[in-house]
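Trainee: For reference, the structure I am asking about is given below.
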Amino acid sequence: MEDPLLDIVKEFADISDPNAVKVAAQYVSQVRGLPLEQVADTRAKLEEEQLAIAGQLGSATKTHLQEILQASESIVRAQNSYNELLMLLPDAVTAVADLIPEASRLYERQQALSDQDTERLADAQTVLRNSARLRDILELPGLLNICIRYGHFSEALDLADHTKRLQQRFPDFPVIAMVLEEVDNNLNIALIQLLRLLRDNVRLSVVVRVVSYIRRLARLLPHLQAVSLSTIFIVARYSHLQRQFAHVSQNDPLNHLTRYVDIFRDHVVSAIVAYNSIFPEGPTTDLGIFIRHVIHDLIKEISTFGSSIVSRQDRINIWVQLNYCSQSLAKAGARFWPLLLGAIPRDEWLEATQRQSKLSSMRSNPVTNEQTANSDQSNPQPLASTEVDETTNKETTDNTDADPES
Numbered sequence: 001m002e003d004p005l006l007d008i009v010k011e012f013a014d015i016s017d018p019n020a021v022k023v024a025a026q027y028v029s030q031v032r033g034l035p036l037e038q039v040a041d042t043r044a045k046l047e048e049e050q051l052a053i054a055g056q057l058g059s060a061t062k063t064h065l066q067e068i069l070q071a072s073e074s075i076v077r078a079q080n081s082y083n084e085l086l087m088l089l090p091d092a093v094t095a096v097a098d099l100i101p102e103a104s105r106l107y108e109r110q111q112a113l114s115d116q117d118t119e120r121l122a123d124a125q126t127v128l129r130n131s132a133r134l135r136d137i138l139e140l141p142g143l144l145n146i147c148i149r150y151g152h153f154s155e156a157l158d159l160a161d162h163t164k165r166l167q168q169r170f171p172d173f174p175v176i177a178m179v180l181e182e183v184d185n186n187l188n189i190a191l192i193q194l195l196r197l198l199r200d201n202v203r204l205s206v207v208v209r210v211v212s213y214i215r216r217l218a219r220l221l222p223h224l225q226a227v228s229l230s231t232i233f234i235v236a237r238y239s240h241l242q243r244q245f246a247h248v249s250q251n252d253p254l255n256h257l258t259r260y261v262d263i264f265r266d267h268v269v270s271a272i273v274a275y276n277s278i279f280p281e282g283p284t285t286d287l288g289i290f291i292r293h294v295i296h297d298l299i300k301e302i303s304t305f306g307s308s309i310v311s312r313q314d315r316i317n318i319w320v321q322l323n324y325c326s327q328s329l330a331k332a333g334a335r336f337w338p339l340l341l342g343a344i345p346r347d348e349w350l351e352a353t354q355r356q357s358k359l360s361s362m363r364s365n366p367v368t369n370e371q372t373a374n375s376d377q378s379n380p381q382p383l384a385s386t387e388v389d390e391t392t393n394k395e396t397t398d399n400t401d402a403d404p405e406s
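Written as structure tokens, this is what we have:
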């Protein structure tokens, strides 16, 4: 239902805009709520409010004239830019239309990628997804090198075994092949260090560990499988023995031969014991070759320096040491004294044997030892230098306790 008063206002003000009609409706509702005596003053109040608004607009215009001018200039510039854009729009539309065929060709080329390129893209995505695992794999050679540098051979061999298993799982993966090549190079370095350690003066427990490491290395290095582990051990210990002999001075034949016999007894016996402990069921050919070589070297030294010792008593003292040495090797299954008779006069060797037996009986029977000492006061013998006890024999010089894990 239409409001008659609103119709009069609309007709009087010639209102057609919907927003103006809404304002007029609000005005009519406000007037209808006023008392009758205040309705006549409504026009005057509206005129006062209009004048107040006009004054406020004028004051605001004076205060913000500069901003209004700048805004007007901005509107003009925006209008000019818009007009220029309208002028350039046809050319832009033409350029875009020309690009459409090229974009279509690019799209068709992308669709025409070969299966090989698609597989490469898939491989690249796989690499990105497994970047952390690849980083761990690439760090294996460095970790193995650090373990070898600090003597942690067991951990190094564990890393090498892990790399071999990776190569078996991924035989066609080039990164694994590259890592395996670096690991093999580090294993060769480890082999050199172990062989160097095997040529040093080390304890039996260390030798056993070193040989166990070399045995594990033989499973990882194909070129090492062609050489017998017992041969490697014998060659290394023979090299160590030659190095010990090389440090013995040759200026004094007596001291040289005495020292040579001491080193021979200590290291040859320890090498034989170590061989039998490490290879209890192994081949005896290598051990036999080792024993023949060291005995041949001993006979050569006796022939070279024994004749240069003038004193018969000094020579017999050395033959007594050789007798003890022969007994020590006999316990390891290598009695060699019959081979010495070609380089030692028989009478001197017989006298040395008798003296060694006498010394042994004196140590085993203290009562007899005291009686014999009293009876020999009238005819003393210079035996102090010959009393060499194989059970109290001290180690040779430079006896190190090197450990491959230290």
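Note that the sequence shown ends on residue 406 in UniProt numbering; no numbers are left out.
Just so you know, even glycine gets a beta-carbon here, dropped at the ideal spot from N, CA and C.
Straight-line CA distance for residue 298 to residue 260?
Mentor: About 8 Å.
Trainee: Do you know offhand how far residue 110's Cα is from residue 117's?
Mentor: Near 11 Å, if we compare the C-alpha coordinates of residue 117 and residue 110.
Trainee: State the Cα-Cα distance for the pair residue 176 and residue 197, rounded to the nearest angstrom.
Mentor: Each residue's alpha carbon lies about 31 Å from the other.
Trainee: Kindly indicate which residue of 302, 309, 269, 300 has the alpha-carbon position closest to the one of residue 291.
Mentor: That would be 269, whose Cα lies nearest to the Cα of residue 291.
Trainee: DSSP three-state label for residue 252, please.
Mentor: Residue 252 falls in the coil class under three-state DSSP.
Trainee: With 16 as the cutoff for other CB atoms within 10 Å, does residue 253 come out buried or exposed?
Mentor: Buried is the call here.
Trainee: Residue 150 lies in the alpha helix (DSSP H); which residues open and close that run?
Mentor: Element bounds for residue 150: n/a, residue is neither H nor E.
Trainee: Pull up the CB-CB distance for residue 159 and residue 180, whole angstroms please, since I reckon it's below 8 Å.
Mentor: Actually they are not in contact, since the Cβ atoms of residue 159 and residue 180 sit about 12 Å apart, beyond 8 Å.
Trainee: Rounded to the nearest angstrom, what separates residue 6 and residue 63 at their Cα positions?
Mentor: If you take the alpha carbons of residue 6 and residue 63, they lie about 39 Å apart.
Trainee: Compute the Euclidean distance between the alpha carbons of residue 187 and residue 278, then round it to the nearest angstrom.
Mentor: Rounded to whole angstroms, residue 187 to residue 278 spans 22 Å at the Cα level.
Trainee: Suppose contacts are defined by Cβ-Cβ distances below 9 Å. Is residue 243 in contact with residue 199 by that definition?
Mentor: Going by C-beta atoms, residue 243 is nearer than 9 Å to residue 199.
Trainee: Using the Cα positions of residue 120 and residue 211, report the straight-line distance between them to the nearest angstrom.
Mentor: Cα to Cα, the separation comes out at about 46 Å.
Trainee: If you count every other CB in all the chains shown that lies within 10 Å of the CB of residue 163, and 16 or more means buried, which is it?
Mentor: Flag for residue 163 reads buried.
Trainee: Which residues in the same chain as residue 309 place their Cβ atom closer than 8 Å to its Cβ, once the five residues preceding and following it in sequence are excluded?
Mentor: Within the same chain, residue 309 has close Cβ partners 253, 254, 257, 315, 318.
Trainee: Look at the alpha carbon of residue 273 and the alpha carbon of residue 311, and state the distance between them as a whole number of angstroms.
Mentor: Looking at the two C-alpha atoms, the distance is approximately 35 Å.
Trainee: Taking its Cβ as the centre, do 16 or more other Cβ atoms sit within 10 Å of residue 107, making it buried, or is it exposed?
Mentor: Answer is exposed; the Cβ neighbour count stays below 16.
Trainee: With H, G and I counted as helix, E and B as strand and the rest as coil, what does DSSP make of residue 346?
Mentor: Helix, per DSSP.
Trainee: Return the first residue and the last residue of the alpha helix (DSSP H) that residue 279 is part of.
Mentor: From DSSP, residue 279 is part of no alpha helix (DSSP H); its letter is neither H nor E.
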